[in-house]
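Novice: FYI, the numbering for the sequence shown is 39 to 222, going by the working numbering. The beta carbon of each residue, even a glycine, is placed where N, CA and C say it ideally should be. I have a structure I would like to understand better, so I am pasting it below and will then ask my questions one at a time.
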Amino acid sequence: MHGAAIIFTGGELLGLERLIAPETGYAIVDDRERLIEELLFGAPEQCSASGRDGWLTAQMYLYKIANLLRLARPRSRPGCWQLAAHDVETDRQWVGRVEQELRRDLAEGIPLQRLAAKMGCSVTTLNNRYREFTGHTIRQALLNIRVALVRVRWKATGPLRKSPPKPDSAMSFICQKPFAASPA
């Protein structure tokens with residue numbers, strides 16, 4: 039078996055706690071298709087070439103590995119997982135997951151950092167990747183989701199008024215902060 043023992047803490051922040059066997063404290067990942075090796079090919083050179091910002095590049099690689107691990111399938115032994123090339127998430131699926139999380143937490147708001155952690159990336163990577171695929175930012179997507187919800191509630195077909203709504207109106211929740219305050 040071609041595998042690697044992975045030992046890390048804080049897996050719950052990335053949604054990876056399911057991988058770690060409680061009795062051992064680590065996970066064994068079977069990477070026969072060498073997906074992690076391909077992902078990390080040239081990483082040390084790129085990180086060191088980035089100079090002072092090399093830690094951002096290293097963080098990007100770690101989040102990419104976390105995304106691969108999130109898609110791992112269980113094997114027969116507890117704490118053993120397998121990666122497969124067909125499990126790699128497409129951009130369309132990723133954007134769908136982001137929008138699903140935004141809709142799920144629409145009422146109370148979701149901190150952008152928590153959304154990024156659920157998606158397995160940094161806040162900057164989340165915004166850049168989302169903008170690259172859709173053409174707009176996460177904030178714009180959240181506003182579009184809220185406007186669509188108001189249109190459904192009001193059965194509106196024309197443009198919505200741009201003047202600020204009354205505090206108790208059905209549209210007042212659009213003017214609230216798009217993201218909850220970050221936990222400090």
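First and last residue of the alpha helix (DSSP H) that includes glycine 74?
Specialist: Numbered from its first residue, the sequence shown carries residue 74 at position 36. A small fix is needed here, since residue 74 is isoleucine in this sequence, not glycine. Bounds of the alpha helix (DSSP H) holding isoleucine 74 are 73-78.
Novice: In chain order, which continuous runs of the beta strand (DSSP E) of length 3 or greater are located wholly inside the region 133-175?
Specialist: none
Novice: Kindly indicate which residue of Arg70, Gln138, Asp68 and Thr162 has the alpha-carbon position closest to the one of methionine 16.
Specialist: The structure shown does not extend to residue 16, since the chain spans only 39 to 222, so no value can be given for it.
Novice: Expressed to the nearest angstrom, what Euclidean distance is found between the alpha-carbon atoms of leucine 150 and arginine 113?
Specialist: For the purposes of this step, residue 150 is taken as the residue at position 112 of the sequence shown. For the purposes of this step, residue 113 is taken as the residue at position 75 of the sequence shown. In this structure, the alpha-carbon of leucine 150 lies about 34 Å from that of arginine 113.
Novice: Can you find at least 3 beta carbon pairs, one from the region 60-80 and one from the region 99-110, that sit closer than 8 Å?
Specialist: Output reads yes: the region 99-110 touches the region 60-80.
Novice: Per DSSP, glutamine 120 forms a beta bridge with which residues?
Specialist: Within the sequence shown, the letter at position 82 stands for residue 120. DSSP output for glutamine 120 lists Asp68 and Arg111 as bridge partner(s).
Novice: Tell me the DSSP secondary structure of aspartate 125 in three-state form.
Specialist: Residue numbering aside, residue 125 sits at position 87 when the sequence shown is read from its first letter. Residue placement at aspartate 125 cannot be trusted, given a pLDDT of 49 that sits under 50; what the coordinates show is reported in the next sentence. Three-state DSSP puts aspartate 125 in a helix.
Novice: Buried or exposed: where does valine 190 fall if 16 or more other Cβ atoms within 10 Å of its Cβ makes it buried?
Specialist: Residue 190 sits at position 152 when you count from the first residue of the sequence shown. Valine 190 counts as exposed, since fewer than 16 other beta carbons sit within 10 angstroms of its beta carbon.
Novice: Are the beta-carbon atoms of tyrosine 101 and cysteine 159 separated by less than 7 Å?
Specialist: Residue numbering aside, residue 101 sits at position 63 when the sequence shown is read from its first letter. Residue numbering aside, residue 159 sits at position 121 when the sequence shown is read from its first letter. The answer is yes: Cβ separation under 7 Å.
Novice: In three-state terms, what does DSSP make of alanine 59?
Specialist: Counting from 1 along the sequence shown, the entry for residue 59 is found at position 21. It is coil, neither helix nor strand.
Novice: Distance check for valine 188 and valine 136, CA to CA, integer angstroms please.
Specialist: For the purposes of this step, residue 136 is taken as residue 98 along the sequence shown, with counting starting at 1. For the purposes of this step, residue 188 is taken as residue 150 along the sequence shown, with counting starting at 1. Valine 136 and valine 188 have their C-alpha atoms some 20 Å from each other.
Novice: Determine the direct distance from the alpha carbon of arginine 167 to that of leucine 181, and round the result to whole angstroms.
Specialist: Along the sequence shown, one-based indexing puts residue 181 at 143. Along the sequence shown, one-based indexing puts residue 167 at 129. In this structure, the straight-line span from the alpha carbon of leucine 181 to that of arginine 167 is close to 18 Å.
Novice: Under the three-state reduction of DSSP, which class applies to serine 88: helix, strand or coil?
Specialist: Here the question's residue 88 lines up with position 50 in the sequence shown. Serine 88 falls in the coil class under three-state DSSP.
Novice: Taking the C-alpha atoms as reference points, what is the distance between glycine 80 and glycine 89?
Specialist: As a first step, residue 80 is located in the sequence shown; it is residue number 42 there, counting from the start. As a first step, residue 89 is located in the sequence shown; it is residue number 51 there, counting from the start. Going from the Cα of glycine 80 to the Cα of glycine 89 covers about 15 Å.
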